[in-house]
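2 protein chains.
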Amino acid sequence: MLSLSKKTDYALLVLTTLAQKPKDYVSLRELAIKKNLPYRFLAQVARALVHDGLIISREGSGGGYRLNRPARKISVSDVVTAIEGGVALASCLSHSETECALAVNCPLKKGMPSIQRMVLKTLTKKTVADLLAAK
Amino acid sequence: MLSLSKKTDYALLVLTTLAQKPKDYVSLRELAIKKNLPYRFLAQVARALVHDGLIISREGSGGGYRLNRPARKISVSDVVTAIEGGVALASCLSHSETECALAVNCPLKKGMPSIQRMVLKTLTKKTVADLLAAK
DNA sequence: TTAACTCGTACTATATCAGTACGAGTTTAC
DNA sequence: GTAAACTCGTACTGATATAGTACGAGTTAA
Ligand code: SF4
Ligand code: SF4
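So the protein lines, in turn, are chains A and B. Last residue of the first sequence: 135 in the working numbering, with the numbers rising by one and none dropped. Last residue of the second sequence: 270 in the working numbering, with the numbers rising by one and none dropped.
Structure follows, in structure tokens:
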């Protein structure tokens, strides 16, 4: 089943939650308890989002996380990239990994990038704000 | 990394190959040898495609596989469905699985279907014929 | 100084993926 | 009629990815 990872799902959940209080620093532990989610796991997710500059953290008492830019400027693609490291529908489309051995004379190779682009475009168009607006 | 499984990649490879000789029954073993791919594994993939009616098999000597309908009528979405069982960007979008415990009061739940639809639309629009045409 | 936070890495259990093993059944050619 | 060239189907296995847990260090406010 083609799907987003649970981490990515959680990430979107965190982001939409933060988007509802854009100015406040929200405690992750509090969120974890309220939603009954594993805090340590969420923390990993949140840190990845910080690392990619999607959210900002403030340490110490009274700290927490808040969005680093407006929700409408955070695309699903940004989130997938932060958490999963990007989109590569075929392994020959991945920058990091070693290229597929079949690349030479592969009847797909030429056509795949177009699909990849279209999917990526979809994920780039959809923002956290859109997710909330659909409420 | 968001990606299609290797099985799906192989499936597309098989389909584009068959699309090049739409009338002939192509031996899978021959293809496997030519492309240096694991035959048994490919056979699993091919059978799944037969099962979903994307290709037709003929047993016995001189047999093999051929497309069951024109390449432009076989979408990437069809292939993903045949091999991976579908697309469910979030687990609450899956028909078969048990629904997510967070579904009640989840700020994402309302917005996810729209993304799912858009991705699905992309995958439905792209056909095996398109993949070949990009050659 | 302690309580409420985040940061960072290492570990573990489980599920999925990728592939192999094995044998049965079907059709054509000789 | 039998051998060769195919597909069919399930069961198993090894590797990798996912979904967490464990543990402790560092930071800030009251
Ligand atoms: S080269 Fe062909 S087979 Fe290899 S990953 Fe790209 S598309 Fe798939
Ligand atoms: S309900 Fe919310 S959290 Fe659960 S799967 Fe759907 S989107 Fe993700």
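Using N, Cα and C, we set each Cβ at its ideal position, and we do this for glycine too. Since the structure is predicted, the reported quantities are computational estimates derived from the model, not experimental observations.
First and last residue of the uninterrupted beta strand (DSSP E) at residue i
i	result
S249/B	No beta strand (DSSP E) holds S249/B; the alpha helix (DSSP H) holding it covers M247 to K260.
Y200/B	G199 to L202
Host alpha helix (DSSP H) of residue i (start-end)
i	result
I218/B	V211 to E219
R193/B	Not the alpha helix (DSSP H): R193/B falls in the beta strand (DSSP E), residues I190 to R193.
L28/A	L28 to K35
L237/B	Premise fails: L237/B is in no alpha helix (DSSP H) and is neither H nor E.
R47/A	Y39 to H51
K21/A	Where K21/A is concerned, there is no enclosing alpha helix (DSSP H), given that its DSSP letter is neither H nor E.
V263/B	V263 to A268
Beta carbon proximity, residue i to chain A, threshold 7 Å
i	result
I250/B	yes
K245/B	yes
L153/B	no
A269/B	yes
L148/B	yes
T257/B	yes
D159/B	no
Beta-carbon spacing of residue i, residue j below 7 Å
i	j	result
T16/A	L243/B	yes
V263/B	A206/B	yes
I209/B	A183/B	no
L67/A	P22/A	yes
V185/B	S192/B	yes
A19/A	L132/A	yes
L89/A	L148/B	no
V76/A	K135/A	no
Distance between residue j and residue i (C-alpha atoms, nearest Å)
i	j	result
V119/A	K169/B	31 Å
C227/B	L28/A	23 Å
T81/A	V87/A	7 Å
D213/B	G64/A	44 Å
G85/A	K121/A	16 Å
K7/A	I115/A	24 Å
G111/A	D24/A	46 Å
Min CB distance residue i to chain B below 7 Å
i	result
P107/A	yes
V104/A	no
V119/A	yes
S3/A	yes
K34/A	no
K126/A	yes
Cβ-heavy atom distance, residue i to ligand 4, below 6 Å
i	result
A46/A	This structure does not include ligand 4; its bound ligands are ligand 1 and ligand 2.
Closer than 9 Å, Cβ to any Cβ of chain A: which residues of the segment 194-214 of chain B, in chain order? If the cut-off is 9 Å between Cβ atoms, the segment 194-214 of chain B has V211 near chain A.
Of the residues that make up the segment 79-94 of chain A, which ones have a beta carbon closer than 8 Å to any beta carbon in chain B? V80, E84, G85, G86, V87, A88, L89, A90, S91 and S94
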